[in-house]
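The next block holds one structure in the form of structure tokens; read it before the comments.
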Amino acid sequence: ARVAAPTASPRSIAPPLRLAGGDHATAVMCLPALVPPARPTVFTPFANTLSASCDVWAVPHPGYANHEALPVDRKTLLHLHADTVLRHAAGRDLILVGYSSGGWVAHELARHLEHLGTSPKALVLLDTYLSDDLTGTVQSAFFRAWSHMLPALRDADSELTALPWYLELFATWAPQPISTPTLLVQSSVAMPGIDSAAWQARWTGPHDLAPVAGDHFTMMTTHGAATASAVHDWLAHLPSAPPPGAPLRCL
Numbered sequence: 111a112r113v114a115a116p117t118a119s120p121r122s123i124a125p126p127l128r129l130a131g132g133d134h135a136t137a138v139m140c141l142p143a144l145v146p147p148a149r150p151t152v153f154t155p156f157a158n159t160l161s162a163s164c165d166v167w168a169v170p171h172p173g174y175a176n177h178e179a180l181p182v183d184r185k186t187l188l189h190l191h192a193d194t195v196l197r198h199a200a201g202r203d204l205i206l207v208g209y210s211s212g213g214w215v216a217h218e219l220a221r222h223l224e225h226l227g228t229s230p231k232a233l234v235l236l237d238t239y240l241s242d243d244l245t246g247t248v249q250s251a252f253f254r255a256w257s258h259m260l261p262a263l264r265d266a267d268s269e270l271t272a273l274p275w276y277l278e279l280f281a282t283w284a285p286q287p288i289s290t291p292t293l294l295v296q297s298s299v300a301m302p303g304i305d306s307a308a309w310q311a312r313w314t315g316p317h318d319l320a321p322v323a324g325d326h327f328t329m330m331t332t333h334g335a336a337t338a339s340a341v342h343d344w345l346a347h348l349p350s351a352p353p354p355g356a357p358l359r360c361l
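Numbering-wise, this note's numbering comes out as the position in the sequence shown, counting from 1, plus 110.
See the structure below:
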């Protein structure tokens, strides 16, 4: 595997991609899924809805780009991501967003930032499943959906080799308690082939729940704007929030 030295410079990895915003008071940092295609464009409809008053970035995971080293362990990964999000947030309110398995990284990053004394304002998990829940028909449905994407991954060798490395990094991981306010955004439509009644994503520890339209994929595409609006509505009730009914804006 392509392993990075623990002292690898954070600036040796791909920088985050700004998807929306200009110079706003809130920085929204979005971490993609670990499963390819782990592309920033998955957040485009989501970011467009927040563009009027939020700076929104997609933060790639180290090792998913060509000729880029993989983090040697979770500690190194968190160091690299923490450096990236703190530099680009530049002292502003920080919202961490993780889509699918990217939520595992986002949760652990929030915990890491808390230990550094630089807690994010909020953590948003977009249909993130606990790894123990990815079994049976749920896992099979994800695999079938992913297999249909394989033609689009013809030139994604780095992503395909990064995936098993990251899955190994999180093989024994389970979310530990954090104090950061957390929202689980939950898709409301099951993917084809799921016959289990308990198919929806769930999380542990204190968190709020926001069901949204669409399945695991269309909640970020067809229904991406509605998903972003659900996140905004939740953010609006955090401390220092605008009054209910205020125009769409982040905190």
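Ideal Cβ placement from N, Cα and C applies to all residues, glycine included.
Keep in mind it's a predicted model, so treat the numbers as computed, not measured.
Boundaries of the beta strand (DSSP E) harbouring Gly208: 203 to 209, taken from the DSSP string. The residues Pro155, Thr159, in chain order, have a CB closer than 6 Å to that of Ala335 in the same chain once the five nearest residues on each side in sequence are set aside. Residue environment for Glu218: buried (at least 16 other C-beta atoms within 10 angstroms of its C-beta).
Taking 8 Å as the cut-off, the beta carbon of Tyr276 is found closer than this to the beta carbon of His171.
Contact check for Leu236 against Gly201 fails: the beta carbons are separated by 8 Å or more. Inclusion of Ile205 and Ala232 in the CB contact set at 8 Å is warranted, their separation being smaller than that value. Taking 8 Å as the cut-off, the Cβ atoms of Val169 and Val234 do not count as close. Val299 places its beta carbon 8 Å or farther from that of Ser211. The beta carbon of Pro150 is closer than 6 Å to those of Leu127, Ala168 in its chain, skipping five residues each way along the sequence. As DSSP reads the structure, Met139 sits in a beta bridge with Trp167, Leu206. As a beta-bridge residue in DSSP terms, Gln296 pairs with Pro321. Counting of Cβ neighbours within 10 angstroms places Phe253 among the exposed residues, the total staying below 16. Annotation for Ala130: the continuous beta strand (DSSP E) segment containing it runs 127 to 130. Beyond the five residues adjoining it in sequence on each side, Thr332 comes within less than 7 Å, by CB distance, of Gly324 in the same chain, given in chain order. For Ala232, the enclosing beta strand (DSSP E) covers residues 232 to 236. The Cβ-Cβ distance between Thr314 and Leu223 does not fall below 8 Å.
The DSSP-derived three-state label of Leu345 is helix. Judged by their CB atoms, Ala311 and Thr247 are not nearer to each other than the 8 Å cut-off. In this structure, Arg221 is the residue among Phe327, Asp267, Arg221 with its C-alpha nearest to the C-alpha of Ser289. For Tyr209 and Ala340, the gap between their C-alpha atoms comes out near 15 Å. Annotated as distal: Leu141 and Ala251, with beta-carbon spacing of 8 Å or more. Under DSSP, Leu279 shares a beta bridge with no residue.
With a threshold of 16 other beta carbon atoms within 10 Å, Leu293 meets it and is buried.
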